[in-house]
Structure formats: C-alpha cells, structure tokens
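Dropping the structure here:
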C-alpha cells in the first residue's frame with residue numbers, strides 16, 4: 001500500500017513539474033517583455049502574470065493532495081518527516097531513486113522560476129524605481145506598478 005502511495009506522490013510531483021515548467025516559460029516571457037533596448041510591453045507582462053496566477057490556482061490543490069499523501073505515508077511508515085533520508089531503506093530502492101529524481105527536477109524548475117522573477121524584479125526596480133514582487137496572488141500589486149509606470153511615461 002505504501003509503495004502505491006509513494007507512486008502517487010511521484011506522479012503528483014511530475015504533474016506539478018509540468019505546470020511549474022509552464023510557469024517558468026511564462027516568467028521567461030515576462031523577462032522578454034522587459035528586455036533592454038526596447039520599450040517594455042507591460043500589457044503583455046500583466047497578461048502573463050495573470051496566466052501565472054491561474055496556473056497557481058491549478059497547482060495549489062495538486063500540492064495539497066501531495067501533502068495529504070505524504071502524511072499517509074508518514075503514518076504508515078511511522079516516520080516524523082517525509083524526507084528522502086527517512087524513506088531510504090523503507091521503500092523499494094528503484095522507487096526511492098525515482099522519487100529523488102523527480103524532487104530534484106522540481107527543485108530545479110522552482111529555482112529557475114525564482115531566478116527569472118528576481119531578474120524581473122531588479123529590472124523593474126532599476127528602470128522605474130519601483131518595488132515589484134512577482135509572487136503568485138500579486139496581480140493587484142502588479143497592476144498598480146503598471147499604472148505607476150504608465151503615469152511616469154506620460
């Protein structure tokens with residue numbers, strides 16, 4: 001039973017990875033909107049941010065299901081934390097290695113998103129003197145920044 005749950009967790013992480021890869025693509029498109037040497041396409045930037053927020057709305061319940069599955073596995077195995085070190089030797093070696101791989105891949109795409117968002121934030125701050133946080137759920141703030149930028153351009 002536990003290994004079936006771990007398989008479900010791996011599949012869940014893969015689904016999250018797919019969605020986060022799309023998120024990364026959108027972050028790179030946002031970066032392109034702010035590229036040096038051209039006028040920023042802030043309307044497109046905001047549309048991309050809205051798409052990212054919609055993606056987060058899809059990711060959130062998937063992530064919550066993953067946490068639920070992890071809690072069941074922790075209870076079944078009588079472990080305190082769902083970590084690779086706690087799972088090692090308690091589940092099939094091939095399954096453990098697959099879990100390790102998918103977690104690594106997910107962490108890599110999350111890091112790439114974070115770096116792209118940081119770069120976008122720096123450009124907005126440097127170019128417009130505005131603070132901007134591109135985190136999910138921040139569409140209203142992004143719209144305010146957009147309006148401030150447009151007011152400065154006029």
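Residue numbers (the UniProt record's numbering): 1 to 154. From the three backbone atoms N, C-alpha and C, an ideal C-beta is built for every residue, glycine too.
Put residue i into one of helix, strand or coil per three-state DSSP.
| i | result |
| --- | --- |
| residue 95 | helix |
| residue 83 | coil |
| residue 4 | helix |
With distance defined between alpha-carbon atoms, name the residue in the options nearest to residue i.
| i | options | result |
| --- | --- | --- |
| residue 99 | 110, 84, 109 and 107 | 84 |
| residue 128 | 6, 1, 25 and 34 | 34 |
| residue 50 | 30, 16, 116 and 4 | 30 |
| residue 63 | 116, 122 and 17 | 17 |
Return the CA-CA distance between residue i and residue j, expressed in angstroms with no decimal places.
| i | j | result |
| --- | --- | --- |
| residue 95 | residue 59 | 24 Å |
| residue 119 | residue 107 | 18 Å |
| residue 48 | residue 28 | 10 Å |
| residue 43 | residue 113 | 20 Å |
| residue 54 | residue 88 | 36 Å |
| residue 67 | residue 26 | 26 Å |
| residue 78 | residue 6 | 14 Å |
Does the distance from the C-beta atom of residue i to that of residue j stay below 8 Å?
| i | j | result |
| --- | --- | --- |
| residue 109 | residue 10 | no |
| residue 76 | residue 1 | yes |
For the region 13-92, which segments carrying the alpha helix (DSSP H) assignment without a break, of at least 4 residues, lie completely within its bounds, in sequence order?
42-77 and 84-87
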